[in-house]
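Here's the structure, in structure tokens; my notes come after.
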Amino acid sequence: MKPHDVIKYPTMTERSVYMIENENKLVFIVHREANKHDIAQAVKKLYQVEAQEIRTLIDRKGEKKAFVRLKDGYNASEVAIKIGIL
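Using the working numbering, read the sequence shown as starting at 4 and increasing by one per residue.
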């Protein structure tokens with residue numbers, strides 16, 4: 004899968020803002036068939052940051068959500084500002 008096919012868009016909710024500021028995590032809606040390895044590669048290519056941990060879930064709407072914790076040395080706030088969600 005291409006990186007733009009894997010990551011559909013970032014989410015901006017109160018909870019995701021809290022995660023960006025306090026837990027160094029970014030939250031994305033991703034392709035339903037993408038696995039954690041695909042998501043990590045897409046984040047690395049699109050945003051030039053490395054993921055330490057990725058957790059996924061499928062919400063009630065049937066969309067797959069990925070919680071991406073960045074490795075030490077990368078700042079989720081800087082990435083969020085760069086992509087225009089914060």
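Glycine included, every Cβ here is placed at the ideal spot set by N, Cα and C.
A quick note: this is a predicted structure, and the numbers were derived from the prediction, not measured.
Any 3 or more C-beta pairs closer than 8 Å across the stretch 68-80 and the stretch 13-29 | yes
Is it the case that the Cβ atoms of Ile42 and Thr14 are separated by a distance below 8 Å?
-> For this step, residue 42 is matched to residue 39 along the sequence shown. For this step, residue 14 is matched to residue 11 along the sequence shown. Their beta carbons are not under 8 Å apart, which means Ile42 does not touch Thr14 by this criterion.
Environment of Leu60 [buried if 16+ CB atoms lie within 10 Å] | Start at 1 with the first residue of the sequence shown, and residue 60 comes out as number 57. So Leu60 counts as exposed.
Option nearest Gly76 by Cα separation, candidates Lys28, Ala37, His34 = Position 73 of the sequence shown holds residue 76. That would be Lys28, whose Cα lies nearest to the Cα of Gly76.
Is the Cβ-Cβ distance between Ala45 and Val82 less than 8 Å?
-> For this step, residue 45 is matched to residue 42 along the sequence shown. For this step, residue 82 is matched to residue 79 along the sequence shown. No, they are not a contact pair.
7 Å CB neighbourhood of Lys64 in its chain, flanking five on each side removed | As a working note, residue 64 is residue 61 in the sequence shown. No residues qualify anywhere along the chain.
Range of the contiguous beta strand (DSSP E) that encloses Gln44 | If you number the sequence shown from 1, residue 44 lands on position 41. Per DSSP, Gln44 belongs to no beta strand (DSSP E); it is in the alpha helix (DSSP H), 39-50.
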